[in-house]
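2 protein chains.
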Amino acid sequence: MARLDDLKNSPLFHDVPDEALQEALQVITERRYYAGQVILEQDAEGEALHLITSGVVRVSRISLGSRERVMGDVYAPGVIGETAVLGGGERSATVRAQTEVTTLMLYRTHFRQILRRHPQVLWNLSALLVRRVTFLNDELIAFGLNTEAALSHVFLSLYQQRLAAGVPNPEVLPLSTQDIMARISSSRETVSRVMRKLDAARMLTYTSTQVTLIDPDALEHVTLDEADVSAD
Amino acid sequence: MARLDDLKNSPLFHDVPDEALQEALQVITERRYYAGQVILEQDAEGEALHLITSGVVRVSRISLGSRERVMGDVYAPGVIGETAVLGGGERSATVRAQTEVTTLMLYRTHFRQILRRHPQVLWNLSALLVRRVTFLNDELIAFGLNTEAALSHVFLSLYQQRLAAGVPNPEVLPLSTQDIMARISSSRETVSRVMRKLDAARMLTYTSTQVTLIDPDALEHVTLDEADVSAD
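Residue numbers (the working numbering), protein chains in the order written: chain A, 110 to 341; chain B, 110 to 341.
So this is what it looks like as structure tokens:
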């Protein structure tokens, strides 16, 4: 059964008892989205979470002045919407399909029931939240250092996510200059300057629509060095 | 019993069965720290977490070039060290006592046993992690907007924590200009300029060692407006 395999592949349902999987199968709904379609909307009630079973989504936040801040991309088999479902509040961001996307949708009430009945799912959720806290802390630190550190963090985390998702050419990141500006809240001039520098150091090459990492390991180390000597 | 009350006050042990509290009482150790003492050290193994029962700690990260980035303060009854204990990795930050501090220390192995046996503790931990993810997301957004938004986020979150902790004069924040620079990774010039602006708008007053919020509600709203019209 394809849905059962999809469930087992999700970090939320990894290594859980069959009983929990069977319960989840009763209440999940498969959803399909076209590229560009909104899956979750900022400021709407957080009534459901989605297990992404194929495709890529982009998480972003739009402020009143209509400036868009991209928070990151999530690849299958990632999870979206779980914090609003648990926290009980409104969604703080909009999630939009970047490609064709399929998900398994799980309503808040059903999810909470499964968590109460199956501590292993709750354990998986905690592990996922710990990884997210660690990631966000790393991002705050990188963004606070300088643009090199911020870009390196963005590129390497996207690369690692693409590797884990098993997509072809994980080192070719589908990021335009505009995407990068929206991701790190920097001006075109700053982004262009640092991209030229990383290109000259043979860390990466780039075009107006994508960034290709040549030496991810070096990118990681150079950034740490840069971060520590720069006064920014 | 004072320790039992301290446990019940901790967000981790809120509303848990007596059995879980009794188990925890068997394995916790009370620790005392003087102001300035290191409680958890960056890059050390994450072997234990602490429930803060009195006092205030500061979480910071020091990079090789010895630049210090302050990640935030935690007041009693906060929890520190739980992500390294769960994630199994090294600590990403140093935690230092700002005042005299007492904690209840819980080793990783004991904590994991309690989580496995008592899903309500795991539930509390998930709720705590969800709040932290939400907070870090808000911080990334505020820091990405402009210095006004960053300062407002820092001041308001500290104020709310002081309110919740029941400390006297919660609106008087013990932050020097140096502290603020280390918290938002900004230059003295930038911090001074924005502080003068917030002072002129009667949002706050400040000296070299503290910031006093005059109108927290207005601070929140002004910041949102600023954030949306400013080009940064």
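Don't be surprised by glycine CBs; every beta carbon is placed ideally from N, CA and C.
Residues that DSSP places opposite residue i in a beta bridge
{"i": "A:Ser-163", "result": "A:Thr-211"}
{"i": "B:Glu-298", "result": "BP columns for B:Glu-298 are empty, so no partner."}
{"i": "A:Ala-157", "result": "A:Tyr-216"}
{"i": "A:Gly-181", "result": "A:Val-168"}
{"i": "A:Ile-189", "result": "A:His-159"}
{"i": "B:Ala-206", "result": "B:Val-166"}
{"i": "B:Leu-149", "result": "B:Val-204"}
Closest residue to residue i among the options (Cα-Cα distance)
{"i": "A:Ile-293", "options": "A:Gly-275, A:Val-276, A:Ile-250 and A:Ile-137", "result": "A:Ile-250"}
{"i": "A:Ala-274", "options": "A:Gln-151, A:Leu-113 and A:Asn-118", "result": "A:Asn-118"}
{"i": "B:Asp-324", "options": "B:Glu-280, B:Glu-154 and B:Thr-208", "result": "B:Glu-280"}
{"i": "A:Thr-162", "options": "A:Pro-283, A:Tyr-142 and A:Arg-311", "result": "A:Tyr-142"}
{"i": "A:Leu-130", "options": "A:Arg-112, A:Thr-212, A:Arg-302 and A:Thr-192", "result": "A:Arg-112"}
{"i": "A:Ala-236", "options": "B:Val-263, B:Leu-195 and B:Arg-225", "result": "B:Leu-195"}
{"i": "A:Val-239", "options": "A:Asp-115, A:Asp-114, A:Leu-121 and A:Leu-116", "result": "A:Leu-121"}
{"i": "A:Phe-244", "options": "A:Trp-232, A:Leu-231 and A:Leu-265", "result": "A:Leu-265"}
{"i": "A:Leu-215", "options": "A:Leu-260, A:Leu-149, A:Ala-259 and A:Asp-247", "result": "A:Leu-149"}
{"i": "A:Leu-284", "options": "A:Val-303, A:Asp-308, A:Leu-307 and A:Tyr-315", "result": "A:Tyr-315"}
{"i": "A:Pro-327", "options": "A:Gln-135, A:Thr-321 and A:Arg-311", "result": "The question names Pro, but residue 327 of chain A in the sequence shown is Ala. Of A:Gln-135, A:Thr-321 and A:Arg-311, the residue nearest in Cα terms is A:Arg-311."}
{"i": "A:His-159", "options": "A:Val-188, A:Gly-145 and A:Asn-246", "result": "A:Val-188"}
{"i": "B:Thr-138", "options": "B:Ala-309, B:His-123, B:Asp-115 and B:Val-147", "result": "B:Asp-115"}
{"i": "A:Gln-151", "options": "A:Pro-126, A:Glu-177 and A:Gly-164", "result": "A:Glu-177"}
{"i": "B:Gln-135", "options": "B:Leu-213, B:Ala-309 and B:Glu-298", "result": "B:Leu-213"}
{"i": "A:Glu-128", "options": "A:Thr-192, A:His-227, A:Gly-190 and A:Met-304", "result": "A:His-227"}
{"i": "B:Gln-319", "options": "B:Thr-286, B:Arg-140, B:Ser-301 and B:Ser-296", "result": "B:Thr-286"}
{"i": "B:Thr-211", "options": "B:Pro-277, B:Gly-164 and B:Asp-308", "result": "B:Gly-164"}
{"i": "B:Glu-154", "options": "B:Asp-124, B:Glu-191 and B:Pro-186", "result": "B:Glu-191"}
{"i": "B:Leu-260", "options": "B:Ser-296, B:Gln-146 and B:His-123", "result": "B:Ser-296"}
{"i": "A:Leu-282", "options": "A:Glu-248, A:Asp-124, A:Lys-306 and A:Tyr-268", "result": "A:Tyr-268"}
{"i": "B:Val-276", "options": "B:Pro-186, B:Ala-157, B:Val-125 and B:Gly-145", "result": "B:Pro-186"}
{"i": "B:Thr-208", "options": "B:Val-147, B:Met-290, B:Asn-233 and B:Trp-232", "result": "B:Val-147"}
{"i": "A:Asp-124", "options": "A:Arg-140, A:Ala-157 and A:Asn-233", "result": "A:Asn-233"}
{"i": "A:Asp-288", "options": "A:Leu-322, A:Gln-270 and A:Val-263", "result": "A:Val-263"}
{"i": "A:Pro-126", "options": "A:Ala-144, A:Gln-229 and A:Ala-206", "result": "A:Gln-229"}
{"i": "B:Asp-308", "options": "B:Thr-299, B:Glu-298 and B:Thr-321", "result": "B:Thr-321"}
Residue i, DSSP secondary structure in three states
{"i": "A:Val-338", "result": "Model confidence at A:Val-338 stands at a pLDDT of 43, short of 50, so the residue's coordinates are unreliable; what they give is reported in the following sentence. Here A:Val-338 sits in helix by DSSP."}
{"i": "B:Thr-316", "result": "coil"}
{"i": "B:Asp-308", "result": "helix"}
{"i": "B:Ser-194", "result": "A small correction: the amino acid at residue 194 of chain B is Val; Ser does not occupy that position in the sequence shown. Residue state, collapsed to three classes: helix."}
{"i": "A:Arg-271", "result": "helix"}
{"i": "A:Leu-322", "result": "strand"}
{"i": "B:Leu-328", "result": "helix"}
{"i": "A:Leu-282", "result": "strand"}
Return the chain-ordered ranges of every alpha helix (DSSP H) run that is complete within the segment 209-261 of chain A and spans a minimum of 4 residues. 217-226 and 228-254
Quick check: the segment 188-206 of chain A against the segment 194-203 of chain B, are at least 3 beta-carbon pairs closer than 8 Å? no
contact_flag[the segment 180-194 of chain A, the segment 164-172 of chain A] where n(CB pairs < 8 Å) is 3 or more: yes
Residue ranges of each beta strand (DSSP E) within the segment 112-146 of chain B, 3 or longer: 138-142
Determine, using beta-carbon pairs with one atom in the segment 252-262 of chain A and one in the segment 216-230 of chain A, whether at least three such pairs fall under 8 Å. no
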